[in-house]
Amino acid sequence: MAIARLSVGIGKKGKASPHAQYIAREGKYAKDNNSLEKLEHTGHGNMPAWADHNPNYFWQSADEHERKNGSTYREHVIALPRELDSDQRHELIKDWIAQEIGDKHAYQYAIHNPPAMDGKEQPHAHIMFSERTRDGIERDPDQYFKRYNGKNPERGGAKKANTGMKPADRKADLLAQRDRWEQTCNAHLKRAGRYQRISMKSLKEQGIEREPTNFTMTQLKKPEIKDIYKSLLEAKEQDHQAQLDIIRILEATALVEINRQIRLKEQEKKAQQEKVQERTQKPVEPQKAPQATNAIPKAPKPQIEPIKAANAPIIEGQTVKEALYVGQSFDEMVAQTAESIRAKSLEPYKSDMTRLEDEYKALQDNNSWLGRGKREKQKKELANEYHIVQRDYNAVKEYDFTMDAKKHIEQTDPKAHATHEQAMETLNYHASFRYGAAQAQAGRQYTGEIIAVNRLGVMQKTPTGRKVYHDLDSFETLPNVGDKVIAIYNKDGKAELVPADKAELTKQIQQVELERQQSKDIERDR
Numbered sequence: 013m014a015i016a017r018l019s020v021g022i023g024k025k026g027k028a029s030p031h032a033q034y035i036a037r038e039g040k041y042a043k044d045n046n047s048l049e050k051l052e053h054t055g056h057g058n059m060p061a062w063a064d065h066n067p068n069y070f071w072q073s074a075d076e077h078e079r080k081n082g083s084t085y086r087e088h089v090i091a092l093p094r095e096l097d098s099d100q101r102h103e104l105i106k107d108w109i110a111q112e113i114g115d116k117h118a119y120q121y122a123i124h125n126p127p128a129m130d131g132k133e134q135p136h137a138h139i140m141f142s143e144r145t146r147d148g149i150e151r152d153p154d155q156y157f158k159r160y161n162g163k164n165p166e167r168g169g170a171k172k173a174n175t176g177m178k179p180a181d182r183k184a185d186l187l188a189q190r191d192r193w194e195q196t197c198n199a200h201l202k203r204a205g206r207y208q209r210i211s212m213k214s215l216k217e218q219g220i221e222r223e224p225t226n227f228t229m230t231q232l233k234k235p236e237i238k239d240i241y242k243s244l245l246e247a248k249e250q251d252h253q254a255q256l257d258i259i260r261i262l263e264a265t266a267l268v269e270i271n272r273q274i275r276l277k278e279q280e281k282k283a284q285q286e287k288v289q290e291r292t293q294k295p296v297e298p299q300k301a302p303q304a305t306n307a308i309p310k311a312p313k314p315q316i317e318p319i320k321a322a323n324a325p326i327i328e329g330q331t332v333k334e335a336l337y338v339g340q341s342f343d344e345m346v347a348q349t350a351e352s353i354r355a356k357s358l359e360p361y362k363s364d365m366t367r368l369e370d371e372y373k374a375l376q377d378n379n380s381w382l383g384r385g386k387r388e389k390q391k392k393e394l395a396n397e398y399h400i401v402q403r404d405y406n407a408v409k410e411y412d413f414t415m416d417a418k419k420h421i422e423q424t425d426p427k428a429h430a431t432h433e434q435a436m437e438t439l440n441y442h443a444s445f446r447y448g449a450a451q452a453q454a455g456r457q458y459t460g461e462i463i464a465v466n467r468l469g470v471m472q473k474t475p476t477g478r479k480v481y482h483d484l485d486s487f488e489t490l491p492n493v494g495d496k497v498i499a500i501y502n503k504d505g506k507a508e509l510v511p512a513d514k515a516e517l518t519k520q521i522q523q524v525e526l527e528r529q530q531s532k533d534i535e536r537d538r
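In my numbering, the protein residues as written are 13 to 538.
See the structure below:
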């Protein structure tokens, strides 16, 4: 039987990223190929540009920037009909998302299908979405989750929807939403030719004169009650695991490995520089460098002028820009493959429709009175068969072959698949690398010490202790780790680096520390 269940949940600060990993079965929650549970479909949409290729970065940013007692996401957990197959369930969820979320909120979803207690399927969907409303204004992660500025929206964060609703209004809104799910689900069951229907009404509203019962061991022998009970247990376990793993997920991030690799590269670089210095101190062979001199030029005193490229660091490994290009190329490859699969899948339906049209026309062109009744019956049967084939043809024509295309590429072009996986890994590392840092903006300037330069970007620490992330492409000349610089951005997002006054920088740091200490003293006196 089709089960009616739609629950709505709210995620607190710190839960969004682990929960997104849970529903997508990523990281700690990844399942091996032998798992009985099926991850049927996953997807996301309406993400800001900076999270479009890595939705978990969006939830990480929500966890970091939303206020302490604020919510980071809302979620629908919905039981899906067994009577629909995997693709039909996916279409149902996509329709529900288009209807309830539309293009106004960033979202991520997954369809799980573990075995139920009766050994059959137990499909259900998790849909998590941000309450922040998309308004067409581009905001970086630091600004996106700030308080909304009604007077100047471009200066504040994205507005939260449904804030300030009274409990009675929320209850009415939820009841109306449950009714819409009933209508949407039953419409898909009808479209699939299934007789089963769901009802979101209570027993009393359905005219059933009995009280809702608690689950006993006797009642749990009934398959339909087993499904509900298993779903409830899974939901509780899911929340419990998310709470336990908030800290462990963050600690297990790839940032730890990235920092280790950066330290190793810095040590190697320092050793290479020492070797170069040793060579420059030795007499230079005239035939090798006729214009060389034995005198070692002294380093010039710091001046307020652009930093030269002489000692710019060498970036090794795949950069974020390269990874994004691979991702875009792979997406195009997937789209072309999906269309090829669609065209091939439509061919038998086209052939059947052509055959049925020819047979129908032949019967229609036969004007003989002999056997007329039999021909009319045959024409009716052909028309019915044609409509069935046409319905299936239209379903295939509208079907999303993306997952099929990805599986096909993985099997037929493992090199392209591996290249894409490597690019996604780079983007995940990138998300972890820039986690907690502000994104540098055009038209601004940032003063501080460079603490990291690698394939993932440039990280700068300001005198206040704030981290600022810079894209590699922002600089014509990359700085070195340890440089104390001012990054001055023009309106096009390109940055010029000039040395910072070390004495002034030290003074600013001391001033910040003094103010912090004074604040602590004031709080203690209170």
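We treat Cβ as the ideally placed atom computed from N, Cα and C, and that holds for glycine.
Computed from a predicted structure; not experimentally measured.
- Residue state for K24 is assigned as strand, using DSSP reduced to three classes.
- Taking a C-beta distance under 7 Å as the contact criterion, G23 and Y85 qualify as a contact pair.
- Q390 sits in a helix when the DSSP states are folded into three classes.
- Per DSSP, reduced to three states, the secondary structure at V493 is coil, with no helix or strand assignment.
- Every alpha helix (DSSP H) stretch that sits fully inside the region 85 to 154 and reaches 4 residues is listed by chain position as 98 to 112.
- Short of 7 Å from the beta carbon of R446, and not among the five residues preceding or following it, lie these beta carbons of its own chain, in chain order: G469 and Y481.
- Contact check for I521 against P491 fails: the beta carbons are separated by 7 Å or more.
- K50: member of the beta strand (DSSP E) spanning K50 to G57, first to last residue.
- Pairing E388 with I105, the inter-Cα distance amounts to about 42 Å.
- In the DSSP secondary-structure assignment, A499 is bridged to Y458 and L509.
- Of the candidates G26, A63 and E393, A63 places its Cα closest to the Cα of A443.
- As a beta-bridge residue in DSSP terms, Y481 pairs with Q451 and M471.
- For K356, the secondary structure class from DSSP, reduced to helix, strand or coil, is helix.
- Here DSSP, grouped into helix, strand and coil, assigns L18 to strand.
- The region 353 to 364 and the region 327 to 342 do not touch, with fewer than three beta-carbon pairs separated by less than 8 Å.
- L368 and A128 have their alpha carbons spaced roughly 42 Å apart.
- Non-local beta-carbon contacts of Q457 in its own chain, meaning distances under 8 Å to residues more than five positions away in sequence, involve I498, A499, I500 and Y501 in chain order.
- In the three-state DSSP reduction, I327 falls in the coil class, being neither helix nor strand.
- Taking a cut-off of 8 Å for Cβ pairs, the region 192 to 204 and the region 106 to 115 touch, as three or more such pairs fall below it.
- Bridge pairing for N466: G469 [DSSP].
- Annotation for N198: the continuous alpha helix (DSSP H) segment containing it runs P179 to R203.
- Assigned with DSSP and collapsed to three states, K373 falls in helix.
- Looking at the DSSP output, S83 shares a beta bridge with K24.
- Contact between the region 51 to 60 and the region 425 to 442 is not established, with fewer than three Cβ pairs separated by less than 8 Å.
- Per DSSP, reduced to three states, the secondary structure at K163 is coil, with no helix or strand assignment.
- When DSSP states are grouped into helix, strand and coil, K362 belongs to the helix group.
- The beta carbon of E166 is closer than 7 Å to those of I149 in its chain, skipping five residues each way along the sequence.
- Under the three-pair Cβ rule at 8 Å, the region 25 to 32 does not count as touching the region 93 to 105.
- Counting every other CB atom within 10 Å of its CB across the protein chains shown gives I400 a total below 16, marking it as exposed.
- In this structure, A452 keeps its C-beta atom at 7 Å or more from the C-beta atom of S211.
- About 32 Å separates the CB atoms of E133 and S83; that is not less than 8 Å, and the two are not in contact.
- When DSSP reads this structure, K172 sits in a beta bridge with R144.
- Counting C-beta pairs closer than 8 Å gives three or more between the region 347 to 357 and the region 412 to 428, which meets the contact rule.
- If you draw a straight line from the Cα of L18 to the Cα of L187, it comes to about 10 Å.
- Residue nearest to K409 within the set K496, S486 and I353 is I353 (criterion: CA-CA distance).
- Rounded to whole angstroms, the separation of the alpha carbons of N66 and D75 is 15 Å.
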